[in-house]
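Participant: 297 is the number of the first residue of the sequence shown in our numbering; add one for each residue after it.
Note that the Cβ used here is the ideal one computed from N, Cα and C, for glycine as well.
Mind looking over this structure? Questions follow.
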Amino acid sequence: MSEFDYDLIVIGAGSGGTRTARISASYGAKTLVVEGDRAGGTCVLRGCVPKKLLVYASQFSEQVSDAEGFCWQINNFKSNWTDLIKKKNKELDRLHEIYVNLIKNSGCDLISGWGKVIGPNKVSIKKNDGEVLEFSSKKIMIAVGGESSFPDFNGNQFMINSDQALDLNKLPKSIAIYGSGYIAVEFAGIFNGFGVDTHLIFRANDALRGFDTDLRQHLMTSMKQKGITIHNNNTISEIEKNKESCKITLSSGQQLSVDMVMGATGRVPKISGLGLKKVGVQLGQRGEILVNKLNQTNIKSIYAIGDVTDKITLTPVAIAEGHAFADREFGGIKRFISYENVPSAVFSQPSIAVVGLNYEEAKKQNINAREYKSEFRALKNTISGNLERTLMKLVVDQDTQKVIGAHMIGPDAAEIIQGVAIAIKAGALKSDFDSTIGIHPSAAEEFVTMRS
Ligand code: FAD
Numbered sequence: 297m298s299e300f301d302y303d304l305i306v307i308g309a310g311s312g313g314t315r316t317a318r319i320s321a322s323y324g325a326k327t328l329v330v331e332g333d334r335a336g337g338t339c340v341l342r343g344c345v346p347k348k349l350l351v352y353a354s355q356f357s358e359q360v361s362d363a364e365g366f367c368w369q370i371n372n373f374k375s376n377w378t379d380l381i382k383k384k385n386k387e388l389d390r391l392h393e394i395y396v397n398l399i400k401n402s403g404c405d406l407i408s409g410w411g412k413v414i415g416p417n418k419v420s421i422k423k424n425d426g427e428v429l430e431f432s433s434k435k436i437m438i439a440v441g442g443e444s445s446f447p448d449f450n451g452n453q454f455m456i457n458s459d460q461a462l463d464l465n466k467l468p469k470s471i472a473i474y475g476s477g478y479i480a481v482e483f484a485g486i487f488n489g490f491g492v493d494t495h496l497i498f499r500a501n502d503a504l505r506g507f508d509t510d511l512r513q514h515l516m517t518s519m520k521q522k523g524i525t526i527h528n529n530n531t532i533s534e535i536e537k538n539k540e541s542c543k544i545t546l547s548s549g550q551q552l553s554v555d556m557v558m559g560a561t562g563r564v565p566k567i568s569g570l571g572l573k574k575v576g577v578q579l580g581q582r583g584e585i586l587v588n589k590l591n592q593t594n595i596k597s598i599y600a601i602g603d604v605t606d607k608i609t610l611t612p613v614a615i616a617e618g619h620a621f622a623d624r625e626f627g628g629i630k631r632f633i634s635y636e637n638v639p640s641a642v643f644s645q646p647s648i649a650v651v652g653l654n655y656e657e658a659k660k661q662n663i664n665a666r667e668y669k670s671e672f673r674a675l676k677n678t679i680s681g682n683l684e685r686t687l688m689k690l691v692v693d694q695d696t697q698k699v700i701g702a703h704m705i706g707p708d709a710a711e712i713i714q715g716v717a718i719a720i721k722a723g724a725l726k727s728d729f730d731s732t733i734g735i736h737p738s739a740a741e742e743f744v745t746m747r748s
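Here it is as structure tokens:
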């Protein structure tokens with residue numbers, strides 16, 4: 297008989313927590329999963345999946361215009377937002393059920409309620425009906441993710457966040473989005489595609505800090521061409537709300553009146569109510585749980601993965617961390633994930649995907665880097681009349697001839713970069729790219745034909 301109720305209690309059934317629990321249970325660990333909201337978590341219910349469905353939906357307006365360029369006659373083309381949101385929610389319900397089944401069918405117990413750590417080996421659960429349960433466990437995994445956070449200014453309570461933006465009953469006629477990260481630019485594309493008068497407000501000169509400068513500028517140009525109004529070098533000083541609209545005062549003094557304001561100004565670890573300080577779990581400045589290589593906190597029996605550790609806040613990273621944890625702790629396999637060359641995408645319009653270092657980052661690391669660039673108008677856009685252009689870049693370490701970065705803005709960037717990421721991970725040289733025969737005609741072939 298074990299001295300604990302469980303071998304593992306996982307708090308949070310999102311991407312990372314679900315994978316941790318399933319794999320641990322598959323190795324025979326007696327596992328309990330605690331979820332306060334709905335199994336599936338941010339990615340499935342409030343992030344990647346619903347967002348990408350709305351990105352797809354919003355792209356049809358441009359595709360219809362492209363089709364007209366190809367001499368299709370299209371009459372009476374209009375969208376029905378309310379029906380779309382219903383259909384999207386039905387799909388999310390289906391995915392949520394799949395998550396519940398994944399957890400239960402792998403042999404884990406699942407309890408609906410909010411978990412709190414009340415000791416190095418003890419968790420309490422407040423169920424929705426108010427009942428409080430307590431269980432002991434040899435190990436505790438915290439996989440509670442993150443939540444959106446707004447800067448402090450007058451009227452910030454009038455902003456909606458991305459959770460709410462994904463679930464609007466009705467589309468506004470106009471919207472201002474505050475922020476310059478990937479969520480801000482993605483939602484700007486979504487609303488603009490549905491014909492909403494869209495404004496993007498942010499402090500920097502270009503959105504997407506940390507990405508390649510040329511890609512950032514390219515995105516700004518494309519967004520403006522598609523009709524989004526960019527208010528860069530600006531912050532919001534105040535929002536006043538009346539019955540009909542929100543009046544925004546910008547730091548430049550300019551005023552803007554819109555139906556709705558969305559805040560996409562960052563996300564922070566969701567640690568409130570978890571009891572971590574009382575138990576003595578060390579946190580970083582942003583409230584992130586500090587972990588070592590084993591994803592272990594300073595309290596040896598307590599671990600954390602995913603967004604709550606604020607490392608690389610992406611679904612595949614949370615999943616990989618959870619899987620590696622289960623392998624190490626219950627499967628006897630000493631496996632660690634690498635945080636190098638993690639590819640990522642921004643589903644802006646046009647989309648962006650990158651892997652590895654950009655030229656500026658390489659130079660900062662004193663790498664003798666050279667960049668190769670190709671900018672062109674895709675074949676489809678010659679006849680469609682669409683002004684959108686594609687930009688692709690490779691960064692090469694001239695001393696080793698290794699390709700150390702690939703960057704793209706244009707259609708299907710994520711699909712293309714995922715393949716290039718394998719080559720970069722495998723240490724491919726520029727000569728390997730050059731000796732690969734291209735697929736013609738495609739945009740992807742540019743990655744194997746870049747000479748200057
Ligand atoms: P989550 O998936 O957030 O899961 C945490 C779970 O814990 C939640 O279900 C929550 O309800 C639960 N929970 C919290 N506190 C408690 C508690 N005390 N007790 C019990 N349960 C609790 N990533 C990508 O890779 N690609 C994308 O395109 C992408 N798009 C995104 C778009 C948006 C709008 C957002 C917000 C995020 C997006 N992300 C994307 C990020 C991605 O969603 C996260 O990186 C991922 O979900 C992190 O997984 P996680 O397991 O750490 O946490």
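Per DSSP, which residues does Gln592 bridge with? Please list them.
Facilitator: The residue given as residue 592 occupies position 296 in the sequence shown. Per DSSP, Tyr599.
Participant: With the cut-off set at 8 Å, would you say Ala665 and Gln694 are in Cβ contact?
Facilitator: The count along the sequence shown starts at 1 and reaches residue 665 at position 369. The count along the sequence shown starts at 1 and reaches residue 694 at position 398. A contact, by the Cβ cut-off of 8 Å.
Participant: Below 6 Å CB to CB, which residues in the same chain sit around Lys434 once its five sequence neighbours on both sides are set aside?
Facilitator: Your numbering for residue 434 matches position 138 in the sequence shown. Excluding sequence neighbours, Lys434 sits near Phe300 and Asp303.
Participant: Just to confirm my understanding: we take Ser533, look at its own chain, exclude 5 residues before and 5 after, and list those with CB closer than 8 Å. What are they?
Facilitator: The residue labelled residue 533 in the question sits at position 237 within the sequence shown. Cβ within range, chain order: Phe449, Asn450, Thr545, Leu546 and Ser547.
Participant: Taking the beta strand (DSSP E) that Cys542 falls in, what are its first and last residues?
Facilitator: By one-based count along the sequence shown, residue 542 stands at place 246. Where Cys542 is concerned, the enclosing beta strand (DSSP E) stretches over Cys542 to Leu546.
Participant: What runs of the alpha helix (DSSP H), each 4 residues or longer, lie entirely inside the segment 305-375?
Facilitator: 311-322 and 344-365
Participant: What would DSSP say about Met519, mapped onto helix, strand or coil?
Facilitator: As a working note, residue 519 is residue 223 in the sequence shown. If DSSP states are grouped into helix, strand and coil, Met519 belongs with the helices.
Participant: Whose C-alpha, out of Ser727, Asp362, Ser320 and Gln355, is nearest the C-alpha of Gly681?
Facilitator: Indexing the sequence shown from 1 puts residue 681 at position 385. Cα-wise, what sits closest to Gly681 is Asp362.
Participant: Return the bridge partner residues of Trp410 from the DSSP annotation.
Facilitator: Locating residue 410 in the sequence shown gives position 114, where the first residue counts as 1. DSSP output for Trp410 lists Lys422 as bridge partner(s).
Participant: List the whole-angstrom C-beta distance separating Ala335 from Thr327, where the pair is believed to meet the contact cut-off of C-beta under 8 Å.
Facilitator: For this step, residue 335 is matched to residue 39 along the sequence shown. For this step, residue 327 is matched to residue 31 along the sequence shown. That pair is no contact at about 14 Å.
Participant: Once you ignore the five residues that flank Ser311 on each side, which residues in its own chain have a CB closer than 6 Å to its CB?
Facilitator: Position 15 of the sequence shown, counting from 1, holds the residue named residue 311. So the list reads Gly337, Cys339, Thr611, Ala614 and Ile615, once near-sequence residues are dropped.
Participant: What are the start and end residues of the beta strand (DSSP E) that includes Ile497?
Facilitator: Numbered from its first residue, the sequence shown carries residue 497 at position 201. For Ile497, the enclosing beta strand (DSSP E) covers residues Asp493 to Ile497.
Participant: Is Cys404 near the ligand FAD, going by C-beta to nearest heavy atom under 7 Å?
Facilitator: If you number the sequence shown from 1, residue 404 lands on position 108. Shortest gap from the CB of Cys404 to any heavy atom of the ligand FAD: 7 Å or more.
Participant: Would you identify the three-state DSSP class for Asp693, choosing helix, strand or coil?
Facilitator: Numbered from its first residue, the sequence shown carries residue 693 at position 397. It is a strand residue.
Participant: I need the DSSP call for Pro565, collapsed to helix, strand or coil.
Facilitator: Position 269 of the sequence shown, counted from the first residue, corresponds to residue 565. Correct three-state label for Pro565: strand.
Participant: Assuming Ile705 and Leu511 are in contact, meaning their beta carbons sit under 8 Å apart, how far apart are those beta carbons, in whole angstroms?
Facilitator: Position 409 of the sequence shown holds residue 705. Position 215 of the sequence shown holds residue 511. Ile705 to Leu511, Cβ: 5 Å. Contact.
Participant: Ends of the alpha helix (DSSP H) at Gln714?
Facilitator: Taking the sequence shown and counting its residues from 1, one reaches residue 714 at position 418. Note, Gln714: alpha helix (DSSP H), Ala709 to Lys721.
Participant: Go ahead and pull the three-state DSSP assignment for Phe300.
Facilitator: Indexing the sequence shown from 1 puts residue 300 at position 4. DSSP places Phe300 in coil when its eight states are reduced to three.
Participant: Regarding Arg342 and the ligand FAD, is the C-beta to nearest heavy atom distance less than 7 Å?
Facilitator: Here the question's residue 342 lines up with position 46 in the sequence shown. Yes, the Cβ of Arg342 comes within 7 Å of a heavy atom of the ligand FAD.
Participant: Could you check where the beta strand (DSSP E) with Gly559 kicks off and where it finishes?
Facilitator: Stepping through the sequence shown from its first residue, residue 559 is reached at position 263. Element bounds for Gly559: Met556 to Gly559.
Participant: So is the beta-carbon of Thr609 under 7 Å away from any non-hydrogen atom of the ligand FAD?
Facilitator: Residue mapping note: residue 609 aligns to position 313 of the sequence shown, counting from 1. Yes - the ligand FAD has a heavy atom lying nearer than 7 Å to the Cβ of Thr609.
Participant: Kindly indicate which residue of Glu741, Ile585 and Ile438 has the alpha-carbon position closest to the one of Gly308.
Facilitator: Taking the first residue of the sequence shown as position 1, residue 308 is located at position 12. Ranking Glu741, Ile585 and Ile438 by Cα distance to Gly308 puts Ile438 first.
Participant: Find the nearest neighbour of Asn529 within the set Ile497, Phe507, Gly523 and Lys537, judged by alpha-carbon distance.
Facilitator: Mapped onto the sequence shown, residue 529 falls at position 233. Of the listed residues, the one whose Cα sits closest to Asn529 is Ile497.
Participant: Are the Cβ atoms of Gly618 and Ile629 separated by less than 8 Å?
Facilitator: For the purposes of this step, residue 618 is taken as residue 322 along the sequence shown, with counting starting at 1. For the purposes of this step, residue 629 is taken as residue 333 along the sequence shown, with counting starting at 1. No, the pair does not count as a contact, with Cβ atoms beyond the cut-off.
Participant: Starting from the C-beta of Leu380, find all residues in its chain whose C-beta is less than 7 Å away, skip the five residues before and the five after it, and write them out in chain order.
Facilitator: If you number the sequence shown from 1, residue 380 lands on position 84. Same-chain partners within the cutoff: Ala353.
Participant: Measure the C-alpha to C-alpha separation of Gln714 and Pro639 and round it to an integer number of angstroms.
Facilitator: Taking the first residue of the sequence shown as 1, we reach residue 714 at position 418. Taking the first residue of the sequence shown as 1, we reach residue 639 at position 343. If I take the Cα positions, the gap works out to 7 Å.
Participant: Going along the chain, which residues of its own chain have a beta-carbon closer than 7 Å to the beta-carbon of Gly485, five neighbours each way excluded?
Facilitator: Locating residue 485 in the sequence shown gives position 189, counting from the first residue. Excluding positions up to five away in sequence, the list reads Val351, Ser354, Ser644 and Gln645.
Participant: Can you find the residues in the same chain that come closer than 6 Å, C-beta to C-beta, to Ile663, ignoring five residues on each side of it along the sequence?
Facilitator: Counted from its first residue, the sequence shown places residue 663 at position 367. Same-chain partners within the cutoff: Asp693.
Participant: Could you name the residues of the same chain whose beta carbon sits closer than 6 Å to that of Thr531, not counting the 5 residues immediately before and after it, in chain order?
Facilitator: Within the sequence shown, residue 531 is the residue found at index 235, counting from 1. Here the set comprises Arg499 and Ser547.
Participant: With respect to the alpha helix (DSSP H) encompassing Glu741, which residues constitute its N-terminal and C-terminal limits?
Facilitator: For this step, residue 741 is matched to residue 445 along the sequence shown. Where Glu741 is concerned, there is no enclosing alpha helix (DSSP H), given that its DSSP letter is neither H nor E.
Participant: Do Leu570 and the ligand FAD come close, with the Cβ less than 7 Å from some heavy atom?
Facilitator: Here residue 570 corresponds to residue number 274 of the sequence shown, with the count starting at 1. Indeed, a heavy atom of the ligand FAD lies less than 7 Å from the Cβ.
Participant: Put Tyr668 into one of helix, strand or coil per three-state DSSP.
Facilitator: Residue 668 sits at position 372 when you count from the first residue of the sequence shown. The answer is strand: DSSP assigns Tyr668 an E or B state.
Participant: Let me know if Ala739 comes out buried or exposed under the rule of 16 or more other beta-carbons within 10 Å of its beta-carbon.
Facilitator: Walking along the sequence shown from the start, residue 739 turns up at place 443. Buried is the call here.
Participant: If I measure Cβ to Cβ from Asp730 and keep anything under 7 Å in the same chain, skipping five residues before and after, which residues do I get?
Facilitator: Mapped onto the sequence shown, residue 730 falls at position 434. Val744, listed in sequence order.
Participant: If you follow the beta strand (DSSP E) that Leu429 is part of, which residue opens it and which one closes it?
Facilitator: Numbered from its first residue, the sequence shown carries residue 429 at position 133. Run containing Leu429: Val428 to Ile438, per the beta strand (DSSP E) assignment.
Participant: Use the C-beta contact count for Ser727: other C-beta atoms within 10 angstroms, 16 or more gives buried, fewer gives exposed.
Facilitator: Counted from its first residue, the sequence shown places residue 727 at position 431. Exposed.
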